[in-house]
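A.B. asks: After the structure tokens below, expect a handful of questions from me.
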RNA sequence: GUGAGCGUAGCUCAGUUGGUUAGAGCAUCAGGUUGUGGCCCUGAGGGUCAUGGGUUCAACUCCCAUCGCUCACCCCA
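In the working numbering, the protein residues as written are -15 to 399.
This is the structure we're talking about:
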């Protein structure tokens, strides 16, 4: 048997209603904030991601689906959306018609990781990007939109964490300060942490070892060493969140794993899903556009994982999809009435009713059972004496009552 | 990439210290008298017990390998 590849999943018909529901919430919230949808290709030139996200990141370093096309160009299935949106923004000069581009997307993404709860190789994200302003108002707006969507999906057990990474310059300075602090304590750290000191010192705060955390207690935090402008903006974002009544935690350990982030970053986690509990993450990336060859353009955005949100919804028992109903199921009493049934169904469908019928020669009982299973609101029985005298029988499935309906009065009665 | 657990019908699972035709519930289909659903009753179909080796008179049951799934680490949404 040929199965779906590891880390990919079919979204089956019975699951579609909850996806549609979530998608509806997403586009409705974004449209309230006047964000416009953008769609970009699933694959891009590999350099877009290696240059945009950063060669050293895990995403680029070991998780990308990269292949050569027939012209020997290296292409990559998009592992995230920001680089693509910025590429498109630059390519089509989206800044020419208005000073600020407010964009959103819903799209599949691809990362070759080992699958686990809330982590797939093909997964779906939605998100937004605002390009052309460095106002902290937009940082706050991004957080507000994410929370609006999550709350409308019925989620309650949420935690918002924020941090500021400062500019790359100030971050480099801070790394040196942190390194100095750890230098003489290095041999007391765990093996994993010692590696991090050399490779990716900011990640050292993620260590789960108690002894490491003990040492790190007195370590200098990044937020305290960032540049003045970043500090000012961070204060501003916090003020705005207070204004909106949004609760947050400052998490000095929050380090986004993509190189393009600057200044304020945030993450929203759920207490109801497994260890992959980040539903949503984002932040500012003021230098990305320039890095990708465009005009210097400040930007801010976020991305959220739809599978994870749906998992959280399930755990919180929200987003219950209602049963799907069909308007009318057609039943034939005589097997020779196939043509007639086909004709009536087509008539009803043109009138915008959802209609279905049995394509085989099943018994009336079986047809009724099918109507019941499909949650038909009505059943139209065709055949027998009533048919000979010029009418069908219309049955209301809820009340069980049925009445004769003359051929020509069908649609007026049903509507 | 590392580690742990699991793999019996479409689904959820039983299967006794290895012993002869592998079971249940749900789902599906057909019936329960001439043309009617949801409940109930009866019956039917559906499994190379993940795959390949090995041990044994005998393996779904024990051993090994492979594959797959799940969860965790890592990282991230």
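Quick reminder that beta carbons are idealized off the backbone N, C-alpha and C, glycines included.
1) Leaving out the 5 sequence neighbours to the left and right, which residues in its chain are closer than 7 Å to residue 74 when beta-carbon positions are compared?
2) Put residue 360 into one of helix, strand or coil per three-state DSSP.
3) When the Cα atoms are used, what is the spatial distance from residue 263 to residue 325?
4) Under DSSP, the alpha helix (DSSP H) around residue 329 begins and ends at which residues?
5) Among 282, 312 and 253, whose alpha-carbon lies nearest the alpha-carbon of residue 292?
6) Could you give the residue range of the beta strand (DSSP E) that holds residue 50?
7) Among the candidates 64, 347 and 189, whose CA atom is the shortest distance from the CA of residue 30?
8) In chain order, what residues of the same chain have a beta carbon less than 7 Å from the beta carbon of residue 225, not counting five sequence neighbours either side?
9) For residue 251, which residues does DSSP report across the bridge?
10) Note down, in chain order, each residue of its chain lying with its Cβ closer than 8 Å to the Cβ of residue 34, except the 5 sequence neighbours on either side.
11) Check the C-beta distance from residue 358 over to residue 328 and give it rounded, since I have them as a contact under 8 Å.
12) Is the Cβ-Cβ distance between residue 245 and residue 267 less than 7 Å?
13) Applying the criterion that 16 or more other CB atoms from any shown protein chain within 10 Å of the CB defines a buried residue, is residue 217 buried or exposed?
14) Just confirm the distance between the C-beta atoms of residue 137 and residue 304, as a whole number of angstroms; I'd bet it's less than 8 Å.
15) Roughly how many angstroms separate the alpha carbons of residue 285 and residue 140, rounded to a whole number?
16) According to DSSP, is residue 337 part of a helix, a strand, or is it coil?
17) Alpha carbon to alpha carbon, what distance is there between residue 176 and residue 193?
18) Short check: CB of residue 312 to CB of residue 350, under 7 Å?
19) With a floor of 3 residues, list each beta strand (DSSP E) that falls wholly inside the region 182 to 268, ordered by position along the chain.
20) Buried or exposed, going by whether 16 or more other CB atoms sit within 10 Å of the CB of residue 109?
21) Measure from the alpha carbon of residue 145 to the alpha carbon of each residue in 92, 85, 154 and 221, then state which is nearest.
22) Residue 380 bridges to which residues according to DSSP?
23) May I have a chain-ordered list of the alpha helix (DSSP H) segments no shorter than 4 residues that lie completely inside the region 80 to 112?
24) Note down the Cα distance separating residue 166 from residue 189, rounded to an integer number of angstroms.
25) Using alpha carbons as the reference points, say which of 143, 106, 84 and 92 lies closest to residue 121.
26) Identify, in the order they occur along the chain, each residue of the same chain with its Cβ nearer than 8 Å to the Cβ of residue 197, setting aside the five sequence neighbours on each side.
27) Consult DSSP for residue 302 and reduce its assignment to one of helix, strand or coil.
28) When DSSP builds the beta bridges, which residues end up paired with residue -8?
29) How long is the line joining the alpha carbons of residue 242 and residue 37, rounded to whole angstroms?
30) Hey, would you say residue 451 sits closer than 7 Å to residue 335, going by beta carbons?
31) Taking the alpha-carbon positions, what's the residue 247 to residue 28 distance?
32) Run through DSSP, which three-state label would residue 63 get?
33) Relative to the C-alpha of residue 72, which residue among 17, 235, 26 and 223 is closest?
34) Out of 113, 118, 390 and 289, which one is the CA nearest neighbour of residue 260?
35) Go ahead and pull the three-state DSSP assignment for residue 311.
C.D. replies: The short version:
1) 273, 276, 277 and 278
2) strand
3) Inter-residue distance for residue 263 and residue 325 is about 49 Å (C-alpha atoms, whole angstroms).
4) 322 to 334
5) 253
6) 50 to 52
7) Selected option, being the one with the closest Cα: 64.
8) Within the same chain, residue 225 has close Cβ partners 124, 127 and 232.
9) 145 and 265
10) 44
11) Residue 358 to residue 328, Cβ: 17 Å. No contact.
12) yes
13) Buried is the call here.
14) That belief does not hold up - the Cβ atoms of residue 137 and residue 304 are roughly 11 Å apart, past 8 Å.
15) 23 Å
16) coil
17) 10 Å
18) no
19) 246 to 254 and 262 to 268
20) Answer is buried; the Cβ neighbour count reaches 16.
21) Residue 145 has its Cα closest to that of 221, out of 92, 85, 154 and 221.
22) Per DSSP, 362.
23) none
24) 12 Å
25) 84
26) Answer for residue 197: 191, listed in chain order.
27) coil
28) DSSP output for residue -8 lists no bridge partner at all.
29) 5 Å
30) Any property of residue 451 remains undetermined from this structure, which presents the chain solely from -15 to 399.
31) Whole-angstrom Cα-Cα distance: 27 Å.
32) coil
33) 26
34) Just measuring C-alpha positions, the residue of 113, 118, 390 and 289 sitting nearest residue 260 is 289.
35) strand
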